[in-house]
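Q:
Numbering (my numbering), first residue to last: 191 to 728.
1) Considering only DSSP beta bridges, list what residue 673 is partnered with.
2) On the criterion of 16 or more Cβ atoms from any shown chain inside 10 Å, does residue 403 qualify as buried, or is it exposed?
3) Does the Cβ-Cβ distance between residue 256 and residue 234 come in under 8 angstroms?
4) Please report the residue range of the alpha helix (DSSP H) in which residue 733 lies.
5) Leaving out five residues before and five after residue 609 in sequence, what residues of the same chain have Cβ atoms less than 8 angstroms from its Cβ?
6) Report all residues from its chain with a CB closer than 8 angstroms to the CB of residue 538; omit the five preceding and five following residues, and keep chain order.
7) Sorted by chain position, which residues of the same chain lie with C-beta nearer than 6 angstroms to residue 437's C-beta, five sequence neighbours on each side aside?
8) For residue 639, which residues from the same chain have a beta carbon less than 7 angstroms from its beta carbon, with the 5 sequence-adjacent residues on both sides left out?
9) Given residue 265, which residues of its chain have a CB within under 6 angstroms of its CB, disregarding the five upstream and five downstream residues?
10) Ordered along the chain, which non-local residues of its own chain (more than five positions away) have a Cβ less than 7 angstroms from that of residue 288?
11) Within its chain, find whatever has a CB closer than 6 angstroms to the CB of residue 566; leave out the 5 residues flanking it on each side and keep chain order.
12) Using beta-carbon positions only, say whether residue 679 and residue 689 come within less than 8 angstroms of one another.
13) Please report the straight-line C-alpha distance between residue 507 and residue 496, rounded to a whole angstrom.
14) Would you report the Cα separation of residue 559 and residue 603, rounded to the nearest angstrom?
15) Out of 394, 554, 505, 493, which has the shortest C-alpha to C-alpha gap to residue 406?
16) Taking all protein chains shown into account, decide if residue 221 is buried (16 or more other Cβ within 10 angstroms of its Cβ) or exposed.
17) Around the C-beta of residue 307, are 16 or more other C-beta atoms found within 10 angstroms, so that it is buried, or is it exposed?
18) Counting C-beta neighbours from all protein chains within 10 Å, is the total for residue 329 16 or more, i.e. buried, or is it exposed?
19) Count the other CB atoms within 10 Å of the CB of residue 666; is the residue buried (16 or more) or exposed (fewer)?
20) Report all residues from its chain with a CB closer than 6 angstroms to the CB of residue 631; omit the five preceding and five following residues, and keep chain order.
21) Who are the Cβ neighbours of residue 675 in its own chain at under 8 angstroms, not counting the five residues just before and after it?
22) Please classify residue 496: does DSSP put it in a helix, a strand, or coil?
23) According to DSSP, is residue 422 part of a helix, a strand, or is it coil?
24) Is the CB-CB distance between residue 319 and residue 278 below 8 angstroms?
25) Which of the three DSSP states is assigned to residue 609 in this structure?
26) So, residue 362 versus residue 374, is the Cβ gap smaller than 8 angstroms?
27) Please report the distance separating the alpha-carbon of residue 443 from that of residue 392.
28) Which residues does DSSP pair with residue 255 in a beta bridge?
29) Using only alpha-carbon positions, find the residue among 354, 350, 366, 227 that is nearest to residue 310.
30) If you compare alpha carbons, which of 356, 370, 248 is closest to residue 377?
31) Quick check on DSSP: helix, strand or coil for residue 546?
32) Within a Cβ cutoff of 8 angstroms, which residues of the same chain sit near residue 398, ignoring the five residues on either side of it in sequence?
33) Using a Cβ-Cβ cut-off of 7 angstroms (strictly less than) and excluding sequence neighbours within five positions of residue 348, which residues of its own chain qualify?
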């Protein structure tokens with residue numbers, strides 16, 4: 191407070207001034223002579239410092255300073271600065287009469303007479319201890335928050351300006367994204383989004399949602415400095431000032447790629463369990479029905495054969511032949527059902543699958559008639575396996591016919607074998623070990639994911655009515671499961687289909703066994719409901 195250059199005596203005699211000073215209790219207002227001794231004292235000064243006017247007038251104002259400040263000659267320097275520069279202003283600890291300290295805001299102005307001669311000082315002191323404590327508490331809180339943010343490494347915690355520019359950066363953000371603070375601060379946060387999301391303006395939508403709704407939360411792909419992607423959980427909260435004006439955003443990002451993969455794996459496991467239980471239930475039902483129906487068919491077939499021997503006319507012979515064909519189709523259907531239900535008796539022996547395939551190759555090539563190329567690529571070093579050869583041949587024939595039907599406009603079918611080592615559950619639920627993999631791959635139309643998921647279900651077919659029973663792949667699946675193996679379908683619309691059969695190999699055994707080589711005199715029984723199959727086996 192700059193006072194006019196009236197004499198101290200003039201101020202003291204001014205009734206108006208005395209009333210003003212006396213009425214102020216929130217400030218200590220008093221005068222000092224040029225040497226720093228107290229010349230006047232108001233109610234505010236008495237309230238702050240605890241001294242009455244009688245106790246303090248004539249005393250040097252340095253008594254209000256701490257011993258440390260007096261030792262540093264701070265009171266003298268304060269008066270010297272005020273006299274030289276026209277004002278002294280500072281904050282610091284001051285001492286009350288009872289010895290307690292308070293944090294004071296100090297203003298000292300020089301008082302000069304009309305000739306410019308220094309005649310004293312006007313001093314204003316205010317107790318701002320509460321404000322200092324609040325400021326210190328705020329600083330402590332900010333420091334704690336800073337330490338918290340810098341100590342978090344599992345989350346990217348950082349601030350954005352109103353337009354989305356990054357204004358700070360924590361170690362978690364550096365660990366997750368790979369960007370240092372100097373690389374990230376000052377750039378737009380959209381740099382972490384994939385191109386597809388940036389093209390849809392998703393960064394802007396996120397900020398707009400946070401501002402409008404009070405929060406944005408979502409998940410999606412984000413990009414690291416090295417270009418790799420991670421699946422992120424993102425939360426954006428708006429930051430507003432005391433007036434409610436938007437001043438920025440707080441953003442939290444967490445890398446949940448591992449969690450997402452675990453959830454997807456759990457979902458796949460649940461789906462696989464559901465499919466397995468469903469197929470098992472269907473298998474039990476169809477197996478029971480097929481077994482009883484097969485017994486009935488045996489009676490019918492045997493009866494027709496006996497009657498056929500006694501047929502006397504061409505008409506009756508043709509009728510009996512039709513009945514025999516119908517009975518054969520019924521027998522074929524029950525065999526397929528029993529195979530799917532894994533109740534078809536198997537005659538398993540040790541085989542080299544290359545030899546089985548080579549001996550059956552002529553049948554497969556006849557089935558693959560038309561403009562479709564057929565290629566066989568066999569691994570020359572296959573270990574032996576335990577299978578039922580006729581059932582395996584029937585499974586191969588089913589796969590080749592399906593591949594042929596999937597390439598109506600021409601293409602290529604490749605039948606291949608290879609040996610490989612699998613880890614535990616690398617392929618569905620198969621245990622770790624050595625396997626022989628047999629793959630039938632085509633360049634045909636491929637399947638939609640939902641079609642592929644149902645492909646092994648019995649009676650599911652995409653063919654026209656009368657063109658298939660829907661038991662082909664389910665029969666293949668049932669056969670391979672009986673061998674202790676499994677089947678995998680890889681397909682994409684327009685890119686073809688590859689169906690792989692995994693059969694356990696005999697460990698440490700290279701002997702091909704009794705079933706290893708065919709003599710050339712064997713006969714294969716092929717049962718199917720397709721007319722072209724009857725043609726190629728005659």
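Using N, Cα and C, we set each Cβ at its ideal position, and we do this for glycine too.
A: Let me lay it out:
1) The partner list for residue 673 (beta bridge, DSSP) is empty, contrary to what the question assumes.
2) Classification for residue 403: exposed.
3) no
4) Given a span of 191 to 728 for the chain in the structure shown, any question on residue 733 remains unanswerable.
5) Answer for residue 609: 569, 571, 572, 573, 624, 625, 626, 627, 695, listed in chain order.
6) Cβ neighbours of residue 538 beyond the five flanking positions: 576, 577, 578, 673.
7) 429, 431
8) Hits under 7 angstroms: none found.
9) Excluding its 5 nearest sequence neighbours in each direction, residue 265 has C-beta neighbours in its own chain below 6 angstroms: 252, 255, listed in chain order.
10) Taken in chain order, the residues that qualify are 240.
11) 605
12) yes
13) 12 angstroms
14) 11 angstroms
15) 394
16) buried
17) exposed
18) exposed
19) So residue 666 counts as buried.
20) Here the set comprises 604, 688.
21) 620, 625, 691, 692, 693, 694.
22) helix
23) strand
24) no
25) strand
26) No, Cβ-Cβ distance for residue 362 and residue 374 is not below 8 angstroms.
27) 15 angstroms
28) 284
29) Nearest to residue 310 by alpha-carbon distance, out of 354, 350, 366, 227, is 227.
30) 356
31) helix
32) So the list is empty, once near-sequence residues are dropped.
33) 356, 358, 359, 360, 363, 441
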